[in-house]
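Numbering (my numbering), first residue to last: 309 to 378.
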């Protein structure tokens, strides 16, 4: 994984109707800025994230929407 990869730990709110909230989640963001995985912390990390920076939130992580047509 490219440098500057990041793992964000916390309560993750998703658009998934079957799992709208992951209470103890891990959000993996690759060095290119794209989301690589969204999963529970108990699941193994994707390959290449061993040296990624870690950020532990004390709140929720919500999905963002970008209105890019302007």
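Idealized CB from N, CA, C, for every residue including glycine.
Can you tell me whether residue 363 is buried or exposed, with buried defined as 16 or more other CB within 10 angstroms of its CB?
-> exposed
Span separating the alpha-carbon of residue 316 from that of residue 358 | 13 Å
Going straight from the alpha carbon of residue 336 to that of residue 377, what length do you get?
-> 27 Å
So is the beta-carbon of residue 359 under 7 Å away from any non-hydrogen atom of the ligand SAM?
-> As presented, the structure is devoid of all ligands, the ligand SAM included, so that no description of it is given.
Where DSSP assigns a beta bridge to residue 320, which residues make up the other side?
-> 330, 369
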